[in-house]
Structure formats: C-alpha cells, structure tokens
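Q: Before I ask anything, let me first share the structure, which is written out below as structure tokens.
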Amino acid sequence: MPEGPSILFLKNKLQRYKGKTVSEASGYGEMDKSQINNIKLLDIETYGKNLLFVFKDFFVGVHLGLFGSMLVNKRKKVNASFALHFASDEINFYVAKTKFYEGKPTDHFNFKTDILKPEFDEDFVLNELQNKHAEEMIGDVLMDQHLFAGVGNIIRIEALYHAKIHPESIVKAIPEKKLIFLLKMIVDYAEEFLNLLKTDGVKEAALIYGKKICPKDKTELIIEEMGKVKRKTYVCKKCQKLFT
DNA sequence: GGGAATGTTCACTA
DNA sequence: CTAGTGAACATTCC
C-alpha cells in the first residue's frame with residue numbers, strides 16, 4: 002500500500018515511539034542489526050516512500066516496495082523481514098527492504114524534492130525539470146524518485162489528469178505555467194491522498210485511476226504503458242493535452 | 001482461482 | 001560498458 006502519502010500515514014501512527022528505547026531489532030532481512038540494541042529511537046522520518054528510523058549516529062530506511070506492510074503489536078503468520086522491539090511493543094514489517102545509513106537523513110536525501118514535506122521546493126524542482134529533464138516525457142520524469150520523491154503511479158496519473166497534461170508530453174514543450182500548475186496539483190493530490198487513507202477511500206475517490214471512462218466527457222480512457230516506465234497509465238485524450 | 005497491482009533491485013542478455 | 005528485459009519479493013485484492 003505504499004506511495005508517499007501511505008508512508009507518511011504510517012509515520013504518523015508511530016509518533017508515540019519517538020524517544021522510546023529500542024531493545025532489539027529482528028527479522029530475516031540481511032541488514033546488520035547489531036547496532037540496534039538498547040538504543041533510543043530519536044526520531045521517525047520519511048523521505049518519499051522511505052520510512053526512516055533515526056538513531057544517534059545512523060538511521061534505518063524501510064521500503065515497502067509493492068507488497069510490503071506494517072503491523073504494530075500484531076503479527077502475521079509469516080515472519081517479519083524487519084521488526085523493532087520496545088519494552089512491551091513491537092513494530093513489524095513484512096516484505097520490506099531495509100537499508101542502513103550512516104549519519105543523518107539530510108546527509109543522504111534532499112528534502113526539497115519530497116512532495117509531502119514543507120521543504121518541497123517548487124522552484125528547485127521546476128528548474129531541475131527544465132534543465133536536466135527537458136527532453137523526457139513528463140509521465141516518466143514524475144516517477145523519478147530523485148526529483149519527485151513520494152510520487153507513485155496513482156499520484157502521477159491523477160495529477161496529470163488534474164493538470165490536463167498528457168503523460169507523453171515532452172517537458173520542454175510544456176508551458177512553464179502549466180508545469181507550475183502540475184507541481185501544485187501533485188502536492189495538493191498527495192495531501193488529499195493522505196486524507197483519503199483515513200477512510201480507506203483512495204481508489205473510490207480517484208478520478209481516472211482504475212476507471213474506464215473519463216468522468217467529465219464520458220469518453221473511454223486510454224489504458225496502457227507509455228514512455229519508458231513500465232507501468233500502466235490512464236489518459237483521457239480529450240481532457241489531457243499532448244505537448245510535443 | 002488467476003491476473004494484476006500504490007515499487008524497486010538485481011541478474012542476465014544483446 | 002550500456003541499455004533493455006524480466007524475474008523476484010514469506011502479498012493482496014478483486
């Protein structure tokens with residue numbers, strides 16, 4: 002269940018563990034867990050789709066991929082790939098990938114590119130888009146986690162629809178005003194996504210993702226892989242303009 | 001019950 | 001060496 006908002010949603014559920022002592026870490030994942038032993042969990046952060054557990058001189062990034070999940074004080078039948086144990090609580094991750102990072106999150110991640118952070122920097126991202134990704138299709142670039150951390154397939158599909166831009170549009174051909182509007186749509190939709198998670202209504206509320214016809218003009222949606230990214234895209238040919 | 005899916009990495013091939 | 005592909009992932013949801 003993981004696009005950026007889902008990860009932030011999980012983080013918000015874990016706030017009460019901030020400042021608590023982790024007695025040990027477990028799980029079949031290969032990451033070395035020997036340093037996680039009776040140490041204080043200083044903070045819980047996110048960067049895009051990564052959930053970050055911050056300790057004094059290092060932090061652990063947990064990535065749920067497509068199939069991952071998290072349970073607090075509950076277990077599945079299968080073994081957890083990673084788990085943090087507290088005095089009487091435990092956080093269990095299933096089918097999750099973990100990575101050990103030295104230092105602080107800001108040493109490794111540029112928060113200016115995280116669509117869910119207050120630090121998200123529209124000017125920085127716009128500049129990167131126009132200077133380093135000018136020749137690419139917008140639908141492809143949106144999935145680039147270095148520039149749009151937290152954007153997943155649902156967000157890119159819905160945001161492009163809201164912005165009325167066809168995913169196969171070439172970045173440099175899209176008017177700057179349109180790009181700026183798209184950035185706003187991404188941030189707005191990510192926030193809406195987060196709210197929808199509270200009632201589990203993301204799919205129902207989506208305008209075209211998972212649908213067959215455009216809600217506006219009732220024409221059939223195009224559903225296929227476009228560009229280099231191997232994921233299905235949904236497009237309304239009438240509502241979304243192709244810039245080439 | 002089968003296929004597809006909110007994602008990424010890694011092995012393999014050309 | 002690079003770029004493209006396909007599988008894998010203690011899955012889950014129609």
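Start counting the first sequence at 2; every next residue gets the next number (my numbering). In this text, a Cβ means the ideal position worked out from N, Cα and C, and glycines have one as well.
1. Looking only at its own chain, which residues have a Cβ that is under 7 Å from the Cβ of residue 80, when we skip the five neighbours before and after it?
2. Measure the alpha-carbon distance for residue 24 versus residue 203 and round it to whole angstroms.
3. Could you say which of 16, 175, 190 and 115 lies nearest to residue 48 if we only look at CA atoms?
4. Identify, in the order they occur along the chain, each residue of the same chain with its Cβ nearer than 8 Å to the Cβ of residue 214, setting aside the five sequence neighbours on each side.
5. Just grab the DSSP bridge partners of residue 27 for me.
6. Which same chain residues end up closer than 6 Å to residue 170 when comparing Cβ atoms and leaving out the 5 residues on each side of it in sequence?
7. Between residue 209 and residue 235, which are expected to be in contact by the criterion C-beta below 8 Å, what is the C-beta distance as a whole number of angstroms?
8. By DSSP's criteria, residue 62 is part of a beta bridge. Which residues make up the other side?
9. Assign residue 168 to one of two classes, buried (16 or more other C-beta atoms within 10 Å of its C-beta) or exposed (fewer than that).
10. With a Cβ-Cβ cutoff of 9 Å, do residue 128 and residue 232 count as a contact?
A: If we stick to the structure as given:
1. Along the first sequence, read from residue 1 onward, the residue named residue 80 stands at position 79. Around residue 80: 29.
2. By 1-based counting over the first sequence, the position of residue 24 is 23. By 1-based counting over the first sequence, the position of residue 203 is 202. Cα to Cα, residue 24 sits roughly 36 Å from residue 203.
3. Numbered from its first residue, the first sequence carries residue 48 at position 47. Nearest option by C-alpha distance: 115.
4. As a first step, residue 214 is located in the first sequence; it is residue number 213 there, counting from the start. Cβ within range, chain order: 220, 221 and 222.
5. Mapped onto the first sequence, residue 27 falls at position 26. Beta-bridge pairing links residue 27 to 84.
6. Taking the first residue of the first sequence as 1, we reach residue 170 at position 169. Excluding residues within five positions, the ones whose Cβ falls inside 6 Å are 139, 243 and 244.
7. For the purposes of this step, residue 209 is identified with residue 208 of the first sequence, where counting begins at 1. For the purposes of this step, residue 235 is identified with residue 234 of the first sequence, where counting begins at 1. Rounded, the Cβ-Cβ distance is 5 Å, consistent with contact.
8. In the first sequence, the residue the question calls residue 62 occupies position 61. Its beta-bridge partners are 53 and 100.
9. Locating residue 168 in the first sequence gives position 167, counting from the first residue. Per the 10 Å Cβ criterion, buried.
10. The residue labelled residue 128 in the question sits at position 127 within the first sequence. The residue labelled residue 232 in the question sits at position 231 within the first sequence. No, these two residues do not count as a Cβ contact at 9 Å.
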